[in-house]
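A.B. asks:
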Amino acid sequence: MALYDIPMWLPLLFLLPILLLLKIRTGVRRQNKRLPPSPPKLPIIGNLHQFGALPHQSLWQLSKKYGPVMLLHLGRIPVVVISSAKAAEEVLKVHDLQCCNRPPSASSKRLTYNYQDMVFAPYGQYWRDIRKICVLELFSVKSVQSYQFLREEEMAFLVNSISQSSSSATPVDLSEKLSTLTASILFRTAFGQSFRGSNLDNERFGELIHEAEAILAGFDASEYFPYVGWIMDKLSGRIQRLENTFHELDRFLQELIDLHLVPERTKLEHEDIVDVLLRIEREQTESGATRFTKENIKAILLDIFLGGAKTAAVTTVWAMAELARNPRVMKKAQDEVRSFVGNKGEVTECDTEHLLYLKMIIKETLRLHPPAAMLIPREAMTHFKVDGYDIYPKTLLQVNSWGIARDPEYWKNPEEFSPERFTDSSMEYKGQYFDMLPFGAGRRSCPGMHLGTKTVELALSNLLCCFDWKLPHGMKEEDINMEESAGVSLTQKKIALKLVPVKIF
1 MALYDIPMWL PLLFLLPILL LLKIRTGVRR QNKRLPPSPP KLPIIGNLHQ FGALPHQSLW
61 QLSKKYGPVM LLHLGRIPVV VISSAKAAEE VLKVHDLQCC NRPPSASSKR LTYNYQDMVF
121 APYGQYWRDI RKICVLELFS VKSVQSYQFL REEEMAFLVN SISQSSSSAT PVDLSEKLST
181 LTASILFRTA FGQSFRGSNL DNERFGELIH EAEAILAGFD ASEYFPYVGW IMDKLSGRIQ
241 RLENTFHELD RFLQELIDLH LVPERTKLEH EDIVDVLLRI EREQTESGAT RFTKENIKAI
301 LLDIFLGGAK TAAVTTVWAM AELARNPRVM KKAQDEVRSF VGNKGEVTEC DTEHLLYLKM
361 IIKETLRLHP PAAMLIPREA MTHFKVDGYD IYPKTLLQVN SWGIARDPEY WKNPEEFSPE
421 RFTDSSMEYK GQYFDMLPFG AGRRSCPGMH LGTKTVELAL SNLLCCFDWK LPHGMKEEDI
481 NMEESAGVSL TQKKIALKLV PVKIF
């Protein structure tokens, strides 16, 4: 019988057992999956409708019902939300290597354009190289210490500015004052010139950083709804807004780099961050390596300003707000600072090492008001389990650090501001203890945490040393508004903090 005489259906008899076997195996695999519990979802949008204006609070409430490991679907994206210290330790320590990928959002890809961005770069050799530069060159203990004089100079300028306001007994906007302080410190550290009186349009640069933060914090339809989401972003003007912001930032950063390449530029006593990055680029080029370029330098600078320009200011504002609501704690902190400093009238960074109660106040502030209420998401690269639940590749993992730090299982009276809870406690915030994770943990922890905490210690200690603080006329402690406002990475105080300074020194 010729081959073409064989009935067309006959091969199906051989394929049928294989197809049945595959179907059975698929069914068994599905039955063996143990996915985390999940709230009911709607078609297309999934659980997006259950996110409130403050996602960390919405997810914390959902976790109380569905558990500390909870599966959500944000449009097409599966997201596992982690809301307990035990589960966070599994993700950030036990399975750190298996979920240290970080896929860029559509917005971050467009905002950084052709930069190879460090924060959102996928895990690989490039990310490891950039991380090494940040940890060993830019934010090492030695590097941070070399700019101590700079931070102290900017702090003295802030104290003088507040002193001028104290003579009229009018409220000072500490939110605005502290934001200017940290921006000035970072600007000088990165670019080697003062934020005030520079030849550059610093005010415009600040506006661009604010615009970039707003874009990244906004709703990105193309991230959750392929094809149609891009059309929505295009029609809303979001994509054009991203493009315009990127090109302006790119032009500003290029101008800063060009200023550092001018041959007759006066050399500083200490290299600023641009100097360090240009040196690394030059050394790699001379050695034949070409991985590190000026586009990478721009990406690192953008990451530094998006992630660090406000972090210390936000933390110090929260600390001052809590102290204003707790006069006993403020008095105790002031007594400690003034007793140690004496008649010197100012606090140096060397002094802060001896202010143990001040450090407890900062720990408690970071617990109650972590700068990043939700850690930047990670992406699972392989299959693993968390708390017995299956986590599959391409699943995002979102750690709710705000919720973990308010978990009554780990914290007594978690809503209460009580620095004394850290008395005789070895707990710190550098990622070794998972009960509080203000800077994350594992490979993706914040490399600039040392610089940030040094700035907070210096600012808070000087504000407490040099001034007494009163509430505006007619205001009581309980009237201080403590509402939050969530941004792309920071949980800020929604209403600016205004207090009346009374100069002591």
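First residue of the sequence shown: 1, per UniProt numbering; consecutive thereafter.
The beta carbon of each residue, even a glycine, is placed where N, CA and C say it ideally should be.
Which of helix, strand or coil does DSSP assign to Phe252?
C.D. replies: Looking at Phe252 - three-state DSSP - the assignment turns out to be helix.
A.B. asks: When DSSP builds the beta bridges, which residues end up paired with Tyr389?
C.D. replies: In DSSP, Tyr389 forms a bridge with Val386.
A.B. asks: Val347 by DSSP, collapsed to three states: which one?
C.D. replies: Here Val347 sits in coil by DSSP.
A.B. asks: Applying the criterion that 16 or more other CB atoms from any shown protein chain within 10 Å of the CB defines a buried residue, is Ala321 buried or exposed?
C.D. replies: Ala321 should be labelled buried.
A.B. asks: Hey, which unbroken runs of the beta strand (DSSP E) at 3 residues or more fall wholly within the stretch 206–266?
C.D. replies: Listed in chain order, nothing qualifies, since the stretch 206–266 has no complete beta strand (DSSP E) run of 3 or more residues.
A.B. asks: Could you say which of His473, Leu451, Gly440, Asp468 lies nearest to Ile82 if we only look at CA atoms?
C.D. replies: The residue with the shortest Cα to Cα distance from Ile82 is Gly440.
A.B. asks: Please give the ranges of any alpha helix (DSSP H) in the stretch 56–144, keeping only runs that are unbroken, at least 4 residues long and fully inside the region.
C.D. replies: Those alpha helix (DSSP H) runs which fall completely within the stretch 56–144 and span 4+ residues are 85–89, 106–112, 125–133.
A.B. asks: Going by the DSSP bridge assignment, what does Asn400 pair with across the sheet?
C.D. replies: Paired residue(s): Met374.
A.B. asks: Return helix, strand or coil for Lys394, following the three-state DSSP convention.
C.D. replies: Correct three-state label for Lys394: coil.
A.B. asks: What three-state label does DSSP hand Phe340 in the structure shown?
C.D. replies: Reduced to three states, the DSSP call for Phe340 is helix.
A.B. asks: Report yes if the CB atom of Ile185 is closer than 8 Å to the CB atom of Leu306, and no otherwise.
C.D. replies: No, Cβ-Cβ distance for Ile185 and Leu306 is not below 8 Å.
A.B. asks: Rounded to whole angstroms, what is the Cα-Cα separation between Thr180 and Leu261?
C.D. replies: Rounded to the nearest angstrom, the two C-alpha atoms are 27 Å apart.
A.B. asks: How is Asp335 classed by DSSP in three states: helix, strand or coil?
C.D. replies: Asp335: helix per DSSP, three-state reduction.
A.B. asks: Helix, strand or coil for Asp173, going by three-state DSSP, please let me know.
C.D. replies: Three-state result, Asp173: strand.
A.B. asks: Quick check on residue 542: buried or exposed, where buried means 16 or more other Cβ atoms within 10 Å of its Cβ?
C.D. replies: As shown, the chain starts at 1 and ends at 505. That puts residue 542 outside it, with no answer to give.
A.B. asks: By DSSP, does Trp379 sit in helix, in strand, or in coil?
C.D. replies: Contrary to the premise, residue 379 reads as Glu rather than Trp in this sequence. Glu379 falls in the strand class under three-state DSSP.
A.B. asks: Using DSSP with H/G/I as helix, E/B as strand and the rest coil, what is Thr491?
C.D. replies: Three-state DSSP puts Thr491 in a strand.
A.B. asks: Would you identify the three-state DSSP class for Leu42, choosing helix, strand or coil?
C.D. replies: In the structure shown, Leu42 sits in a strand (DSSP, three-state: E or B).
A.B. asks: Compare the Cα-Cα distances from Val228 to each of Asn481, Cys466, Ile45, Trp469 and report the closest residue.
C.D. replies: The residue with the shortest Cα to Cα distance from Val228 is Ile45.
A.B. asks: Ends of the beta strand (DSSP E) at Ala486?
C.D. replies: That run of the beta strand (DSSP E) goes 484–486.
A.B. asks: Under a three-way DSSP split, which group does residue 510 fall into?
C.D. replies: For the chain, the structure presents residues 1 to 505; residue 510 sits outside this window and is missing.
A.B. asks: Please go through the same chain and pick out, in chain order, the residues whose beta-carbon is closer than 7 Å to the beta-carbon of Ser146, but skip the five residues on each side of it.
C.D. replies: So the list reads His270, once near-sequence residues are dropped.
A.B. asks: Just grab the DSSP bridge partners of Thr501 for me.
C.D. replies: Checking the sequence, you will find Pro at residue 501 rather than Thr. Answer is Trp469.
A.B. asks: Could you tell me which uninterrupted alpha helix (DSSP H) segments, each at least 4 residues in length, are contained entirely in the stretch 401–432, listed from first to last along the chain?
C.D. replies: Counting only runs of 4 or more, we get 401–404.
A.B. asks: Give a yes or no on contact between the stretch 415–433 and the stretch 372–387, applying the rule of three or more CB pairs nearer than 8 Å.
C.D. replies: The stretch 415–433 vs the stretch 372–387: no contact.
A.B. asks: Would you call the CB atoms of Cys465 and Arg338 closer than 8 Å?
C.D. replies: Yes, Cβ-Cβ distance for Cys465 and Arg338 is below 8 Å.
A.B. asks: If Ile404 and Ala85 are in contact, beta carbons under 8 Å, what's the gap, nearest whole angstrom?
C.D. replies: Going by Cβ atoms, the distance from Ile404 to Ala85 rounds to 6 Å, so yes, they are a contact pair.
A.B. asks: Taking the alpha carbon of residue 512 as the reference point, which residue from Glu90, Thr182, Ala313, Ala212 has its own alpha carbon closest?
C.D. replies: Because the chain in this structure spans residues 1 to 505, residue 512 falls outside the shown range and cannot be described.
A.B. asks: Applying the criterion that 16 or more other CB atoms from any shown protein chain within 10 Å of the CB defines a buried residue, is Phe422 buried or exposed?
C.D. replies: Burial call: buried.
A.B. asks: Can you tell which of Gly452, His354, His473, Leu463 has the C-alpha that lies nearest to the C-alpha of Phe139?
C.D. replies: Considering only alpha carbons, the answer is Gly452.
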